[in-house]
Amino acid sequence: MGLEFGHNLGLRRALRGLPLSPLVPGYGRLVARQRALGLRHIGDALVERGRVLGVLDGVFEEGGARRRQHIGADRLRQLGATRGGAYGPLLAQLEAVQLQDPAALRRILLYQFVELLQAHPQGSDPATAVALGVCPQEAGPLVRGAASHLRLDREQRGAVEELADAWADGKVRRAAGLAALLPAGGGGDTLLRGRLAEIAERVKEADDALDAAREAEKAGDARAAEDYMLRAARLASDCPRALLGLVRLHRGRGGAGVGAGPEAGGEKPDTAAVYDEVAGPREVLTVLPAPETVTVALSPAPPAADMANGRRVVRLTRVPGGPTGITEITDLSPSGGWVDPSPPFGQEVRYAALPLRDGTIDGPPVVSDVLLVAPDVSGLRSTTGRGRIEATWTEPSGALGVRVQLVGSEGPVDGADMRTGALTATGLGVGAYVLRVRCRYRSPDGAVIESAGAEHPVSVDPWPTPVDRLDATAAHGSVRFSWSGGDDADVRLVAWPADPPEPGAELTDDPARPWPAPLPWAAGSGGGLVPPPGSVTRVSALAVLGPRAVAGPGLVVECPPAVAGARVERVGGGRARVTFDWPAEAGEVAATVEQDGASTVHLVVARSTYVREGLYVDVAPTAFSVTLSAAPRTPDAVVVPPPGGAVRVPADIAVSYRIVPGARRALRRGPSLLRVTLSCPGEVPADLPEFVLVARPGNGRDPIRPRTPTDGTTLLRVGGGTLSPGSPVELPVPSGLRPPYALRGFLLGEGAADVRLDEPSPTTLVVR
1151 MGLEFGHNLG
1161 LRRALRGLPL
1171 SPLVPGYGRL
1181 VARQRALGLR
1191 HIGDALVERG
1201 RVLGVLDGVF
1211 EEGGARRRQH
1221 IGADRLRQLG
1231 ATRGGAYGPL
1241 LAQLEAVQLQ
1251 DPAALRRILL
1261 YQFVELLQAH
1271 PQGSDPATAV
1281 ALGVCPQEAG
1291 PLVRGAASHL
1301 RLDREQRGAV
1311 EELADAWADG
1321 KVRRAAGLAA
1331 LLPAGGGGDT
1341 LLRGRLAEIA
1351 ERVKEADDAL
1361 DAAREAEKAG
1371 DARAAEDYML
1381 RAARLASDCP
1391 RALLGLVRLH
1401 RGRGGAGVGA
1411 GPEAGGEKPD
1421 TAAVYDEVAG
1431 PREVLTVLPA
1441 PETVTVALSP
1451 APPAADMANG
1461 RRVVRLTRVP
1471 GGPTGITEIT
1481 DLSPSGGWVD
1491 PSPPFGQEVR
1501 YAALPLRDGT
1511 IDGPPVVSDV
1521 LLVAPDVSGL
1531 RSTTGRGRIE
1541 ATWTEPSGAL
1551 GVRVQLVGSE
1561 GPVDGADMRT
1571 GALTATGLGV
1581 GAYVLRVRCR
1591 YRSPDGAVIE
1601 SAGAEHPVSV
1611 DPWPTPVDRL
1621 DATAAHGSVR
1631 FSWSGGDDAD
1641 VRLVAWPADP
1651 PEPGAELTDD
1661 PARPWPAPLP
1671 WAAGSGGGLV
1681 PPPGSVTRVS
1691 ALAVLGPRAV
1701 AGPGLVVECP
1711 PAVAGARVER
1721 VGGGRARVTF
1731 DWPAEAGEVA
1741 ATVEQDGAST
1751 VHLVVARSTY
1761 VREGLYVDVA
1771 PTAFSVTLSA
1781 APRTPDAVVV
1791 PPPGGAVRVP
1801 ADIAVSYRIV
1811 PGARRALRRG
1821 PSLLRVTLSC
1831 PGEVPADLPE
1841 FVLVARPGNG
1851 RDPIRPRTPT
1861 DGTTLLRVGG
1871 GTLSPGSPVE
1881 LPVPSGLRPP
1891 YALRGFLLGE
1901 GAADVRLDEP
1911 SPTTLVVR
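Heads up: take any position in the sequence shown, counting from 1, add 1150, and you land on the numbering used here.
What follows is the structure, encoded as structure tokens:
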């Protein structure tokens, strides 16, 4: 038995020579899986490390304890279970190939070995084959066979690897085109030679059927012509003449409207119905264009299992002056039917659904109407504002652009701002408008065509005039607001719960974000509003007209917290001391001193300074008031002092009295005089208190000063009405008391607390 290729070795269907083609359907998918695993050839997945392959009279694994083991379907199944993981899909495909043809595994392996050896610089050296994993005893015959074997270029190698798939799919025209690239007779490959002969025979049968169909059509026998076209399509599923002939003949017999289709350049049909001569309308193929796709659906819808396997859907594209393009549509729609993912924009197309049986065409097609692939924009929507319309849309990817027209009651509107996928028109009057958007496409003959156009009605509603200025003035514990603008609106002063909208922002009555209620502040004097003490409020103007509003400007109003326990007392030297309870969480306290109706002094004291030094203010003798509040925390705020917190200090009115000793006369003094003097800046009050002089005897001891007006004997009374600045009142002190005694003056009446009594030295008030 020889060891050269060409001998009858091994299995009954073993090769007599090296193969020129693997002749296995799905070979491209198999090679992709092999390369994804980083394998040089499929044999790398069939043997364990350290073992080699025998391929001369079958596929064997050699080495190890068993020395030689045949690799068949059982071994492939065992390898798949052992290795699994990433190797699983490749080994499962090899097992399926082996079960279908026991010689296919060796054929694939030999084809790959020949390809590798012919491409290797040392491909004629047996060591190269050994390095590829071939048994050393078979390496020599293999390299000699590969060296003498026909060499294929890139195009021929692609043809021999695709040939089996084309044949298995019934694409005889494609298979014939691939066969034309190969050497006549299959280059010594017996199996390939037989397949090429089958292809040639099938092509002849299909051509004969087409010729017969043409003759029958000329003779006016449409039924026979259709039968011959159907036979040609069954013989060669990819035959464009057969497919287009079926569409033409079936439509001409009333199957899909009147007129010739795109392959003949005739009129567009009126309907997509397919008619049965007896039963009437049966199936309709409808097309639903979308911006990027076209959905094709049968009505009534076939069963789900019949969608992918029982129908073949193709797209027929009209090409002016050229052959009609035919494209397979295989993507299924989730809602039923098929999806054309990339229709040719700007061209006329027709879709046909052909019934299948066992993968071959089994009847006349159902044909759709002609469709001009010129989809409109999608997502056309608009928003409106004050004299404004803003619109957006999405253009199909194949569009050259769009043509947009905005039409109102007075005709087209000019001057709109156009951008890619958007439009803004301003200065519009109130009323109804229509927005029309048409997409432009380039047709095959270079002309520009437009889509039917999408229309969108929109209305511009009346909006209020916004407030353009907002001012506030604080006075008498309240704040008064004034503004300009908002003439035709209900202007509301509001405080937004979060950040206020920008001035000019347009708002609609939205329950999800309602407008805030007007400020709930109490009314103050002079038409003002009184903010809550301790509040910092961002007040905004809102112009409202019905369900629409426009946000206006805003400002900050702060009413610092009031200060409790305020007390003010004059301490002499033109100063007054201010004490109070420091408000919680306040860093500084502001003091405002108002005097004489015009003089105002603002002081700010920090807590640390107040605790260390206190608070003193310079004042004049006239009446004044001190207002205390926590210092404002917000810069540029309109500050409204809190209600209360003001301490009124009356003018520095003083009554002084002196006991003037009497003049000496010889050895005796005359009677003493009481001199009462009034010091009052400004106008004298009408309710000056009464002055009384009280004496308290000593009872033989040193006299004690009277403590109260009733703690002694009242000697003199001077009414407040008798006192005036610069005119002292002098009265003689009665001499009826026996010395020693002590004198003291007191102020009595409602105004006594507001008048300071300036007393002389107590020693001058003792009479001995």
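Every residue gets a Cβ at the ideal spot worked out from N, C-alpha and C, and that includes glycine. Predicted, not measured: the structure shown is a model, and the values here were computed from it.
Nearest-angstrom Cα separation, counted from residue j out to residue i
{"i": "A1447", "j": "L1435", "result": "6 Å"}
{"i": "L1643", "j": "P1668", "result": "5 Å"}
{"i": "S1690", "j": "P1670", "result": "14 Å"}
{"i": "L1521", "j": "R1500", "result": "6 Å"}
{"i": "V1469", "j": "D1595", "result": "9 Å"}
{"i": "A1503", "j": "L1396", "result": "11 Å"}
{"i": "F1896", "j": "V1842", "result": "5 Å"}
{"i": "D1768", "j": "G1715", "result": "21 Å"}
{"i": "P1505", "j": "D1388", "result": "14 Å"}
{"i": "R1630", "j": "R1619", "result": "14 Å"}
{"i": "R1586", "j": "T1443", "result": "22 Å"}
{"i": "Y1177", "j": "D1371", "result": "44 Å"}
{"i": "G1471", "j": "A1597", "result": "15 Å"}
{"i": "P1286", "j": "G1295", "result": "15 Å"}
{"i": "G1603", "j": "Q1243", "result": "52 Å"}
{"i": "V1728", "j": "D1802", "result": "16 Å"}
{"i": "L1302", "j": "R1352", "result": "25 Å"}
{"i": "T1615", "j": "G1636", "result": "5 Å"}
{"i": "T1658", "j": "V1517", "result": "51 Å"}
{"i": "G1704", "j": "T1872", "result": "60 Å"}
{"i": "G1901", "j": "R1846", "result": "25 Å"}
{"i": "E1840", "j": "G1677", "result": "44 Å"}
Endpoints, the beta strand (DSSP E) within which residue i is located
{"i": "S1829", "result": "L1823 to S1829"}
{"i": "D1490", "result": "W1488 to D1490"}
{"i": "R1717", "result": "R1717 to G1722"}
{"i": "R1688", "result": "S1685 to L1695"}
{"i": "Y1891", "result": "Y1891 to L1898"}
{"i": "G1704", "result": "R1698 to C1709"}
{"i": "A1726", "result": "R1725 to T1729"}
{"i": "R1218", "result": "R1218 to H1220"}
{"i": "G1204", "result": "V1202 to G1204"}
{"i": "T1793", "result": "One point to set straight first is that residue 1793 is Pro, not Thr, in the sequence displayed. Looking at the DSSP string, P1793 is not in any beta strand (DSSP E), and its letter there is neither H nor E."}
{"i": "R1906", "result": "V1905 to D1908"}
{"i": "F1210", "result": "F1210 to E1212"}
First through last residue of the alpha helix (DSSP H) which encompasses residue i
{"i": "S1758", "result": "R1757 to E1763"}
{"i": "T1232", "result": "A1223 to R1233"}
{"i": "D1567", "result": "Here D1567 belongs to no alpha helix (DSSP H); instead the beta strand (DSSP E) covers D1567 to R1569."}
{"i": "P1239", "result": "G1238 to Q1250"}
{"i": "D1361", "result": "T1340 to K1368"}
{"i": "E1376", "result": "A1372 to L1385"}
Beta-bridge partners of residue i, as assigned by DSSP
{"i": "L1466", "result": "I1476 and R1500"}
{"i": "I1539", "result": "T1534 and A1575"}
{"i": "G1188", "result": "Answer is none; G1188 lacks a bridge partner."}
{"i": "P1439", "result": "V1444"}
{"i": "F1774", "result": "Q1745 and V1799"}
{"i": "P1782", "result": "None; P1782 has no bridge partner."}
{"i": "I1258", "result": "According to DSSP, I1258 bridges with nothing at all."}
{"i": "V1552", "result": "C1589"}
{"i": "P1505", "result": "R1461"}
{"i": "E1738", "result": "A1756"}
{"i": "R1199", "result": "DSSP output for R1199 lists no bridge partner at all."}
Are the region 1258 to 1268 and the region 1185 to 1205 in contact at 8 Å, needing three or more beta carbon pairs? In short, these stretches touch, since the Cβ pair count reaches three.
My parser needs the alpha helix (DSSP H) runs of 4 or more residues fully inside the region 1265 to 1336; what are they? Correct list: 1276 to 1281, 1286 to 1298, 1304 to 1318 and 1322 to 1329.
Which parts of the region 1581 to 1655 are runs of the beta strand (DSSP E), unbroken and 3 residues or longer, counting only runs that do not cross its ends? At a cut-off of 3 residues, the continuous stretches assigned as beta strand (DSSP E) that sit fully inside the region 1581 to 1655 are 1581 to 1592, 1598 to 1600, 1604 to 1610, 1617 to 1625, 1628 to 1635 and 1640 to 1644.
At what residue ranges does the region 1837 to 1876 contain a whole run of the beta strand (DSSP E), taking only runs of 3 or more? Counting only runs of 3 or more, we get 1840 to 1847 and 1863 to 1868.
The region 1757 to 1764 contacting the region 1644 to 1664, beta-carbon criterion three pairs below 8 Å: Note that the region 1757 to 1764 does not touch the region 1644 to 1664; fewer than 3 beta-carbon pairs, one per stretch, sit closer than 8 Å.
Tell me whether the region 1555 to 1568 and the region 1483 to 1500 touch, counting them as touching only if at least three CB pairs, one residue from each stretch, are closer than 8 Å. When Cβ pairs closer than 8 Å are counted between the two stretches, the region 1555 to 1568 is seen not to touch the region 1483 to 1500, the count staying below three.
Check whether the region 1604 to 1615 and the region 1573 to 1590 touch, using three or more Cβ-Cβ pairs below 8 Å as the test. Touching, yes.
Contact between the region 1730 to 1743 and the region 1700 to 1720 (3+ Cβ pairs under 8 Å): The region 1730 to 1743, when compared against the region 1700 to 1720, does touch it at the 8 Å Cβ threshold.
Touch test, the region 1827 to 1834 against the region 1846 to 1855, Cβ-Cβ under 8 Å, three pairs minimum: With a cut-off of 8 Å, the region 1846 to 1855 and the region 1827 to 1834 do not count as touching, because too few Cβ pairs lie within range.
Meets three-Cβ-pair contact criterion under 8 Å: the region 1860 to 1867 and the region 1789 to 1801: No: fewer than three Cβ pairs fall under 8 Å.
For the region 1378 to 1394 and the region 1317 to 1331, state whether three or more C-beta atom pairs, one from each stretch, are separated by less than 8 Å. In the pairwise beta carbon analysis, the region 1378 to 1394 is classified as touching the region 1317 to 1331: at least three pairs are separated by under 8 Å.
Would you check if the region 1897 to 1916 and the region 1873 to 1888 touch, i.e. whether three or more CB-CB distances between them fall below 8 Å? No, the region 1873 to 1888 does not touch the region 1897 to 1916.
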